[in-house]
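Residue numbers (the working numbering): 1 to 237.
So, in structure tokens, the structure goes:
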């Protein structure tokens, strides 16, 4: 699976190491040394994958992700960071990063993460089968990566979308946090299941009429979360 990859890393030795491993697997690699250069490179020719360092001059990796998602660019982003606090990692996910690796990291593990991201982002037809998942007034279109609530479009990050699509594929089924973490795939093993809680909290702000009193995305205490049709739940009640 050959891909066009941009590596945004201001440490020249680190960038060269990543380049060698990527090229060994047959990928075409472009290296840039700061955040603004990364944005310019993506806009010039959008890659199949962006490997993005967080701490960079001119614009850091978090700002780069924020801008790319604001421009509605869906390219997968793998972030590399020396920051290890949970809040820093959750912020990256919330902005729309697809995966995180903390430094120092194993180049072999990095390549495994790259392969996983490329497989996931290159097989939408296999997952979607050209059908829309509907739970009451909520509709999730896996092929078009679109969400609507009562016909109104809802913007979701990639992580939020994966969780919502998994829940919508099994309405009224309870999903554990661990199962939903698996849907997010490949995130740093040191990130806790609070990652899922953050995504759920943000999703409720987008799909619930009253986020503090959810009627669609429900907590099953001690187990996990489920997605339900509030109209059907009201009739059952």
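Glycine included, each C-beta is placed from N, C-alpha and C at the ideal position.
Keep in mind that this is a model prediction, so the values were computed, not measured.
Quiz item: In terms of alpha-carbon separation, which member of 40, 50, 55 and 132 lies closest to residue 98?
Solution: The shortest Cα separation from residue 98 among 40, 50, 55 and 132 belongs to 50.
Practice problem: Could you tell me which residues DSSP puts in a beta bridge with residue 175? | Solution: Note: residue 175 sits in a beta bridge opposite 225.
Self-check item: Whole-angstrom distance between residue 207 and residue 160, CA atom to CA atom
Solution: Each residue's alpha carbon lies about 11 Å from the other.
Quiz item: What are the boundary residues of the alpha helix (DSSP H) that residue 78 is part of?
Solution: No alpha helix (DSSP H) contains residue 78, which is instead part of the beta strand (DSSP E) from 77-81.
Quiz item: Taking DSSP as the reference, what is the three-state secondary structure of residue 107?
Solution: Of the three classes helix, strand and coil, the one that applies to residue 107 here is helix, per DSSP.
Exercise. Using alpha carbons as the reference points, say which of 166, 7 and 105 lies closest to residue 135.
Key: Of the listed residues, the one whose Cα sits closest to residue 135 is 166.
Quiz item: In angstroms, rounded to a whole number, what distance separates the CA positions of residue 90 and residue 195?
Solution: Looking at the two C-alpha atoms, the distance is approximately 6 Å.
Exercise. Report back the beta-carbon spacing between residue 35 and residue 59 to the nearest angstrom; my notes put them in contact at under 8 Å.
Key: The pair is a contact, with the Cβ atoms about 3 Å apart (cut-off 8 Å).
Quiz item: Comparing alpha-carbon positions, which option in 64, 24, 54 and 28 lies nearest residue 43?
Solution: Ranking 64, 24, 54 and 28 by Cα distance to residue 43 puts 64 first.
Quiz item: residue 231 to residue 155, Cα distance in whole Å?
Solution: Roughly 23 Å between the two C-alpha positions.
Self-check item: Length of the line joining the Cα atoms of residue 61 and residue 33
Solution: Taking the straight line joining both Cα atoms gives about 11 Å.
Quiz item: Is it true that the CB of residue 28 sits closer than 8 Å to the CB of residue 5?
Solution: The Cβ atoms of residue 5 and residue 28 lie closer than 8 Å to each other.
Quiz item: If you run the structure through DSSP and keep just helix, strand and coil, what is residue 30?
Solution: DSSP places residue 30 in strand when its eight states are reduced to three.
Exercise. Indicate the three-state DSSP secondary structure (helix, strand or coil) for residue 160 in the structure shown.
Key: Correct three-state label for residue 160: helix.
Quiz item: Rounded C-beta distance between residue 78 and residue 117? I'm assuming under 8 Å.
Solution: Confirmed, Cβ separation roughly 6 Å.
Exercise. Just the C-alpha distance for residue 100 and residue 132, rounded to the nearest angstrom, thanks.
Key: C-alpha separation (whole angstroms): 29 Å.
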